[in-house]
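Peer 1:
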Amino acid sequence: MSPPNLSWNVQEQLPVLFVTFTADIDRDGGTFLFWAGSNNFYTFILYPERDLSSLVTPIGPGSQDTLSDTGRTFVTKNLKSCKKNHKICQASQLKRAIVSSRLIDEGNSMSSVRVINTKDISVEPYATLSHCWGDLKVIKLNKDTMPALYHGINTATLPTTFAHAVEVVRFLRLRYLWIDSLCILQDSAQDWETESSKMGSIYGHAYINIAASSARDSSGGLFFDRDASNPKSQAIPVTLESAKDNISSRGIQPGRYYLMNQNLWGSAMANPLNARAWVMQERLLSPRILHFTQDRIFWECLEEKSCEGLSSLRGNLVRQASTLQLRTEVDMTRLRNIVVSEATGARSMDWYREFHVAWDQLIERYSKCGLTKEGDKVIAIHGLIKRLEDAIPDRCHAGHWESQMPASLCWHVNWGDPDASKTPIHHRRSHEWLAPSWSWAGVKVPVCCRIPVDGIRVVDVVSIKTSCLSNGKLQSSQLRLRGALYTAVVEKGTGCWISDFEEGHEHILIDGISLCVDGIYFDDSPLGISHFFILPVVERGEIFKDYSFVYCLMLEPARTGRGAFVRKGAAMLRLKDSYQKTFSVLAPASCCAVESKGWNMNIIDLL
Numbered sequence: 001m002s003p004p005n006l007s008w009n010v011q012e013q014l015p016v017l018f019v020t021f022t023a024d025i026d027r028d029g030g031t032f033l034f035w036a037g038s039n040n041f042y043t044f045i046l047y048p049e050r051d052l053s054s055l056v057t058p059i060g061p062g063s064q065d066t067l068s069d070t071g072r073t074f075v076t077k078n079l080k081s082c083k084k085n086h087k088i089c090q091a092s093q094l095k096r097a098i099v100s101s102r103l104i105d106e107g108n109s110m111s112s113v114r115v116i117n118t119k120d121i122s123v124e125p126y127a128t129l130s131h132c133w134g135d136l137k138v139i140k141l142n143k144d145t146m147p148a149l150y151h152g153i154n155t156a157t158l159p160t161t162f163a164h165a166v167e168v169v170r171f172l173r174l175r176y177l178w179i180d181s182l183c184i185l186q187d188s189a190q191d192w193e194t195e196s197s198k199m200g201s202i203y204g205h206a207y208i209n210i211a212a213s214s215a216r217d218s219s220g221g222l223f224f225d226r227d228a229s230n231p232k233s234q235a236i237p238v239t240l241e242s243a244k245d246n247i248s249s250r251g252i253q254p255g256r257y258y259l260m261n262q263n264l265w266g267s268a269m270a271n272p273l274n275a276r277a278w279v280m281q282e283r284l285l286s287p288r289i290l291h292f293t294q295d296r297i298f299w300e301c302l303e304e305k306s307c308e309g310l311s312s313l314r315g316n317l318v319r320q321a322s323t324l325q326l327r328t329e330v331d332m333t334r335l336r337n338i339v340v341s342e343a344t345g346a347r348s349m350d351w352y353r354e355f356h357v358a359w360d361q362l363i364e365r366y367s368k369c370g371l372t373k374e375g376d377k378v379i380a381i382h383g384l385i386k387r388l389e390d391a392i393p394d395r396c397h398a399g400h401w402e403s404q405m406p407a408s409l410c411w412h413v414n415w416g417d418p419d420a421s422k423t424p425i426h427h428r429r430s431h432e433w434l435a436p437s438w439s440w441a442g443v444k445v446p447v448c449c450r451i452p453v454d455g456i457r458v459v460d461v462v463s464i465k466t467s468c469l470s471n472g473k474l475q476s477s478q479l480r481l482r483g484a485l486y487t488a489v490v491e492k493g494t495g496c497w498i499s500d501f502e503e504g505h506e507h508i509l510i511d512g513i514s515l516c517v518d519g520i521y522f523d524d525s526p527l528g529i530s531h532f533f534i535l536p537v538v539e540r541g542e543i544f545k546d547y548s549f550v551y552c553l554m555l556e557p558a559r560t561g562r563g564a565f566v567r568k569g570a571a572m573l574r575l576k577d578s579y580q581k582t583f584s585v586l587a588p589a590s591c592c593a594v595e596s597k598g599w600n601m602n603i604i605d606l607l
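full-length UniProt numbering numbers the first residue of the sequence shown as 1 and each following residue consecutively.
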């Protein structure tokens, strides 16, 4: 039986919509509806008027921009509620402190601001700004501009985004604001290293973060003119009438309802700002965030998500659309909650499992984000790593947690991601050493990290050590593994990714035995590579359709000497028997030291 069609009588200025059921009543109270508009597809949720009338406040035709009276009321209400009622926010709030060397002082003048040294002021709350730099040439703090910025400059001469942030700070009755380009000396490597090492604490100790979510550069601003009657920008009161089918049989009664955009939160977060790598930790570590989008202001703290027109965004309304970009918003929420649970001591039995899954998903998203300087890849999440290292008995090395190794070494380049094809195949690793070959931080393309950490480990980590500067910039690494290393030959094909579920399978030869390969993922160009060393790392714990899967590293000898290798990629073998039964009859390579532990094991230094 086909789903019933429903007709809607909406407000006079809106057309009649014809929608189709895609699901029954949802456990959170709503019904999923799908509408194909003239240019876009929208997923809505239907809520009875009696359930949402207390939550929905129409933005109204008088709210022409995002800092109108409606916006100011929305911000004030959420701040008051957060400070008074949110126990998690209160428990996880860091002790008030100013860790940056400089702040922007709003002072008593309504027309000018100045940069000050924080050692000269008492500890007071301050706001931070998250923004896209863009390509515009705007004022920055350097040795030439320092005298003018310290003396004071007219607010009207600031880039639009900065000037709007000053207006928000004044509305919040705060005095101080931190903006990276005005509070860090841009022509001093030493000052950059010092201040960037504090980045996580700067955002973590802030009173609130102001996010210029829809601005692609400093000229974009925070405030936008908007059409408050747009059906995408508010909850729409509708009247449900029965057509030919008996809608009551589906549990839906005729009456007044609210039509809610299911993808409201995810669509708002899929913006230019959240595509920047630095912003990820800024958002995860900030206690409160005001997201200024083109349609409305969104509020985010540790306990609540809301936006103008809706006092709360929970359950269905923070679900995502079907695109990867929007789905990963759920992963951000998961990791943010994990950070909070650790700060408040509310750790569940499955905490580490959840942490590993959330971290892998975060890295997958992070690897898609843009960086102006490719050398900042680890630096840009160093503040988050430090926060986690201070809270849990674990250590992070070049983006890999000790508790996840060696399984996490089997990440692979996500060649199925459209962004991977944008980088030329010979430029997917930097010519400059930025990270060890075994780290995802060493490539410039999206990666996949979903390796089963609860699988059977067939490699041991003998020792690991990494050294870095105070801001997280990697200087050196040492990783020694104990495992069975084999010489391998690709029998056919040179693709970067090979699927193995059809005839004409890819195979590799190890010690004269042909083994089936489910996927081969080279980190960069595979051209000219036919012989390499393969190191089995993890066997998937369960047998899937009579097969066992083994995650492996593809290595080649380094030029530094015997026993040293660099990673060239990852592979997954599909075996008809278990790893132990298949590999026990194979002879490991003799190119490095061999130990005997049941069978011969190699000592491998991975650079």
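Ideal Cβ placement from N, Cα and C applies to all residues, glycine included.
Only a predicted model underlies this, so the values are computations on that prediction, with no experimental measurement involved.
1) Please go through the same chain and pick out, in chain order, the residues whose beta-carbon is closer than 6 Å to the beta-carbon of residue 459, but skip the five residues on each side of it.
2) What did DSSP end up calling residue 83 once you bin it into helix, strand or coil?
3) I'd like to know whether the C-beta atoms of residue 125 and residue 174 end up nearer to each other than 9 Å.
4) State the start and end residues of the unbroken alpha helix (DSSP H) segment that holds residue 608.
5) Which class does residue 200 belong to by DSSP, given the choice of helix, strand or coil?
6) Pull up the DSSP beta-bridge partners for residue 522, would you.
7) Could you give the residue range of the beta strand (DSSP E) that holds residue 176?
8) Assign residue 580 to buried or exposed, taking buried as 16 or more other Cβ atoms, counted over all protein chains shown, within 10 Å of its Cβ.
9) What do you reckon, are the CB atoms on residue 382 and residue 130 nearer than 9 Å?
10) Which residues in the same chain as residue 203 place their Cβ atom closer than 6 Å to its Cβ, once the five residues preceding and following it in sequence are excluded?
11) Assign residue 32 to one of three DSSP states: helix, strand, or coil.
12) Keeping to the same chain, check which residues put their C-beta closer than 6 Å to that of residue 289; ignore five residues upstream and five downstream.
13) Ends of the beta strand (DSSP E) at residue 479?
14) Measuring CA to CA, which of 374, 548 and 298 is closest to residue 73?
15) Please state the DSSP three-state secondary structure of residue 299.
16) Can you tell me whether residue 436 is buried or exposed? The criterion is at least 16 other CB atoms within 10 Å of its CB, across all chains shown.
17) Out of curiosity, what's the CA-to-CA distance linking residue 224 and residue 160?
18) Does the distance from the CB of residue 606 to the CB of residue 438 come in under 9 Å?
19) Once the 5 residues before and after residue 222 are set aside, which same chain residues still bring their CB inside 6 Å of it?
20) Pairing CB atoms from the segment 550–557 with CB atoms from the segment 394–414, are three or more of them under 8 Å?
21) Rank 398, 524, 135 and 216 by C-alpha distance to the C-alpha of residue 431 and give the top, closest one.
22) With DSSP collapsed to three states, give me the class of residue 385.
23) Report the rounded CA-to-CA distance for residue 154 versus residue 201, giving the unit in angstroms.
24) Considering only their Cβ atoms, is the gap separating residue 182 from residue 102 smaller than 9 Å?
25) Roughly how many angstroms lie between the CA atoms of residue 188 and residue 141, to the nearest whole one?
26) For residue 465, which residues of its own chain have a beta-carbon under 6 Å away from its beta-carbon, when the five flanking residues on both sides are left out?
27) Taking the alpha helix (DSSP H) that residue 353 belongs to, which residues open and close that run?
28) With H, G and I counted as helix, E and B as strand and the rest as coil, what does DSSP make of residue 507?
29) In whole angstroms, what is the alpha-carbon distance linking residue 169 and residue 277?
30) Answer with buried or exposed for residue 113, where buried requires no fewer than 16 other C-beta atoms within 10 angstroms of its C-beta.
31) How far does the beta strand (DSSP E) with residue 531 in it extend, from its first residue to its last?
32) Under a three-way DSSP split, which group does residue 574 fall into?
33) Is it right to say residue 117 is buried, meaning 16 or more other beta carbons lie within 10 angstroms of its own, or is it exposed?
34) Hey, would you say residue 557 sits closer than 9 Å to residue 533, going by beta carbons?
35) To the nearest angstrom, how far is it from the Cα of residue 267 to the Cα of residue 215?
36) May I ask which residues mark the beginning and end of the beta strand (DSSP E) holding residue 267?
Peer 2: Looking at the coordinates:
1) Within the sequence shown, numbered from 1, the residue matching residue 459 stands at position 459. Result list for residue 459: 406, 481, 483 and 537, in chain order.
2) By one-based count along the sequence shown, residue 83 stands at place 83. The DSSP-derived three-state label of residue 83 is helix.
3) The residue given as residue 125 occupies position 125 in the sequence shown. The residue given as residue 174 occupies position 174 in the sequence shown. Yes; because the gap between Cβ atoms is below 9 Å, this pair is in contact.
4) Outside the displayed range of the chain (1 to 607) lies residue 608, so it cannot be described from this structure.
5) Taking the first residue of the sequence shown as position 1, residue 200 is located at position 200. The answer is helix: DSSP assigns residue 200 an H, G or I state.
6) Mapped onto the sequence shown, residue 522 falls at position 522. Per DSSP, 569.
7) Here residue 176 refers to the residue found at position 176 when the sequence shown is read from its first residue. Unbroken beta strand (DSSP E) run through residue 176: 176–178.
8) Your numbering for residue 580 matches position 580 in the sequence shown. Classification of residue 580: exposed, given that the 10 Å Cβ count is below 16.
9) For the purposes of this step, residue 382 is identified with residue 382 of the sequence shown, where counting begins at 1. For the purposes of this step, residue 130 is identified with residue 130 of the sequence shown, where counting begins at 1. Cβ distance not < 9 Å, so residue 382 and residue 130 don't count as in contact.
10) For the purposes of this step, residue 203 is identified with residue 203 of the sequence shown, where counting begins at 1. Within the same chain, residue 203 has close Cβ partners 128, 282, 285 and 286.
11) Here residue 32 corresponds to residue number 32 of the sequence shown, with the count starting at 1. Reliability fails at residue 32, whose pLDDT of 45 lies under 50, so the model's placement of it is uncertain and the value that follows must be treated cautiously. The answer is strand: DSSP assigns residue 32 an E or B state.
12) If you number the sequence shown from 1, residue 289 lands on position 289. Leaving aside the five residues that flank residue 289 on each side, the residues in its chain whose CB is nearer than 6 Å to its CB run, in chain order, 209, 211 and 300.
13) Indexing the sequence shown from 1 puts residue 479 at position 479. Counting along the chain, the beta strand (DSSP E) containing residue 479 begins and ends at 474–483.
14) The count along the sequence shown starts at 1 and reaches residue 73 at position 73. Comparing Cα-Cα distances from residue 73 to each of 374, 548 and 298, the minimum goes to 298.
15) For the purposes of this step, residue 299 is taken as the residue at position 299 of the sequence shown. Note: residue 299 maps to strand in three-state DSSP.
16) As a working mapping, residue 436 is identified with position 436 in the sequence shown. By the neighbour-count rule (16 or more Cβ atoms within 10 Å), residue 436 is buried.
17) Along the sequence shown, read from residue 1 onward, the residue named residue 224 stands at position 224. Along the sequence shown, read from residue 1 onward, the residue named residue 160 stands at position 160. Rounded to whole angstroms, residue 224 to residue 160 spans 12 Å at the Cα level.
18) Taking the first residue of the sequence shown as position 1, residue 606 is located at position 606. Taking the first residue of the sequence shown as position 1, residue 438 is located at position 438. Yes, these two residues count as a Cβ contact at 9 Å.
19) One-based indexing of the sequence shown puts residue 222 at position 222. By the criterion of a C-beta distance shorter than 6 Å, residue 222 is surrounded in its chain by 164, 212 and 292, once the five residues flanking it on both sides are discounted.
20) By the Cβ criterion, the segment 550–557 is in contact with the segment 394–414, since at least three pairs of Cβ atoms, one from each stretch, lie closer than 8 Å.
21) As a working note, residue 431 is residue 431 in the sequence shown. Looking at the Cα atoms, 524 is the closest of the given residues.
22) Here residue 385 refers to the residue found at position 385 of the sequence shown. Three-state DSSP puts residue 385 in a helix.
23) Here residue 154 refers to the residue found at position 154 when the sequence shown is read from its first residue. Here residue 201 refers to the residue found at position 201 when the sequence shown is read from its first residue. Between residue 154 and residue 201, the C-alpha separation is close to 29 Å.
24) The count along the sequence shown starts at 1 and reaches residue 102 at position 102. The count along the sequence shown starts at 1 and reaches residue 182 at position 182. It is a contact, given that the beta carbons lie within the stated cut-off.
25) Counted from its first residue, the sequence shown places residue 188 at position 188. Counted from its first residue, the sequence shown places residue 141 at position 141. If you take the alpha carbons of residue 188 and residue 141, they lie about 10 Å apart.
26) If you number the sequence shown from 1, residue 465 lands on position 465. These residues qualify, in order along the chain: 478.
27) As a working note, residue 353 is residue 353 in the sequence shown. First-last of the alpha helix (DSSP H) with residue 353: 351–366.
28) Counted from its first residue, the sequence shown places residue 507 at position 507. Of the three classes helix, strand and coil, the one that applies to residue 507 here is strand, per DSSP.
29) Counting from 1 along the sequence shown, the entry for residue 169 is found at position 169. Counting from 1 along the sequence shown, the entry for residue 277 is found at position 277. Taking C-alpha positions only, residue 169 is separated from residue 277 by approximately 25 Å.
30) The residue given as residue 113 occupies position 113 in the sequence shown. By the C-beta density criterion, residue 113 is buried, having at least 16 other C-beta atoms within 10 angstroms.
31) Sequence index remark: in the sequence shown, residue 531 carries index 531 (1-based). Where residue 531 is concerned, the enclosing beta strand (DSSP E) stretches over 531–539.
32) Position 574 of the sequence shown holds residue 574. Residue state, collapsed to three classes: strand.
33) Translated into the one-based positions of the sequence shown, residue 117 becomes position 117. By the 10 Å Cβ count, residue 117 comes out exposed.
34) Against the sequence shown, residue 557 aligns to sequence position 557. Against the sequence shown, residue 533 aligns to sequence position 533. Yes, the Cβ-Cβ distance between residue 557 and residue 533 is below 9 Å.
35) Taking the first residue of the sequence shown as 1, we reach residue 267 at position 267. Taking the first residue of the sequence shown as 1, we reach residue 215 at position 215. One Cα belongs to residue 267, the other to residue 215, and the distance between them is close to 15 Å.
36) Residue mapping note: residue 267 aligns to position 267 of the sequence shown, counting from 1. No beta strand (DSSP E) holds residue 267; the alpha helix (DSSP H) holding it covers 264–269.
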